[in-house]
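The opening position of the sequence shown corresponds to residue 0 in numbering that gives the first Met the number 0, with each subsequent residue numbered one higher. A virtual CB, placed ideally from N, CA and C, is assigned to each residue, including glycine.
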Amino acid sequence: MIKKLLLTIFLGLSAFANSLTVGNNLPVLTIKDQFEKDHTVDAKIKTIIFSATKEESNTIKEFLNSKGNDFLTTNNIAYVADITGMPSLISKFVALPKMKNYSFPILLIDEDNKALFPVQEDKITIITLDNSKITDVKFIKTAEDLAATFK
């Protein structure tokens with residue numbers, strides 16, 4: 000009986016950990032940005048841009064800097080970044096102060112949400128949503144790819 004219960008819990012957690020796949024619904028997420036402000040990723044969001052490395056973040060920053068300050072809001076896009084692998088002193092005293100100079104919010108995931116986001120090595124993840132249902136997940140490399148995605 001206990002084995003069945005543990006197996007059910009494990010399978011349930013595994014399913015949740017890999018839930019951002021086509022056909023599944025995005026759970027409502029509340030994620031803090033670089034200013035410690037809460038943002039809700041919910042049914043209003045149509046696209047999530049996700050970066051797992053500094054190189055990907057630089058590509059996204061280059062792209063977003065070429066757009067207006069309200070590009071993300073106007074297009075219902077959430078930019079989510081994973082900086083959990085960065086040493087805490089570096090993130091606190093170097094990365095976060097630098098991010099505060101950006102004209103757009105960067106939602107910074109924690110260890111609890113990290114496993115939700117699909118990644119491919121050295122690629123930006125683009126998750127397309129329709130009323131919280133994931134309709135597409137693709138992986139791109141360059142700022143030109145980002146521009147083509149948001150034509």
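Which residue comes first and which comes last in the alpha helix (DSSP H) that contains residue i?
i: Ser56; result: 53–64
i: Phe183; result: The requested residue 183 is not part of the displayed model; the chain covers only 0 to 150.
i: Leu145; result: 142–148
So what does residue i bridge to, in DSSP terms?
i: Lys31; result: Asp37
i: Ile47; result: Ala77, Ile126
i: Asn173; result: Here the chain comprises residues numbered 0 to 150, so residue 173 is not present and cannot be evaluated.
Considering residue i, what are the terminal residues of the beta strand (DSSP E) in which it resides?
i: Thr124; result: 123–129
Out of the options, point me to the one whose CA is closest to residue i's CA.
i: Val93; options: Asn64, Glu120, Ile82; result: Ile82
i: Ala142; options: Ala114, Thr39, Lys122; result: Lys122
i: Asp111; options: Ser90, Lys31, Tyr78, Thr73; result: Lys31
i: Asn75; options: Leu25, Lys43, Ile105; result: Lys43
i: Lys113; options: Gln33, Leu145, Ala51; result: Ala51
i: Asp37; options: Asp135, Ile108, Pro117; result: Ile108
i: Lys45; options: Thr134, Ala146, Pro117, Leu63; result: Thr134
i: Gly67; options: Val21, Pro104, Pro26; result: Pro104
i: Ala80; options: Leu88, Ser65, Thr58; result: Thr58
i: Ile139; options: Glu55, Gly84, Leu25; result: Glu55
i: Ser102; options: Val27, Leu63, Asp144; result: Leu63
i: Gln119; options: Ser131, Leu145, Phe49; result: Phe49
i: Ala77; options: Ser87, Phe116, Pro86, Val21; result: Phe116
message: Please give me, in chain order, every unbroken run of the beta strand (DSSP E) with length at least 3 that falls completely inside the region 75–123.
response: The DSSP assignment places complete beta strand (DSSP E) segments of no fewer than 3 residues inside the region 75–123 at 76–80, in order along the chain.
message: Closer than 8 Å is the cut-off here; do at least three beta carbon pairs connect the region 97–105 with the region 121–138?
response: No, because fewer than three Cβ pairs between the region 97–105 and the region 121–138 fall closer than 8 Å, the two stretches do not touch.
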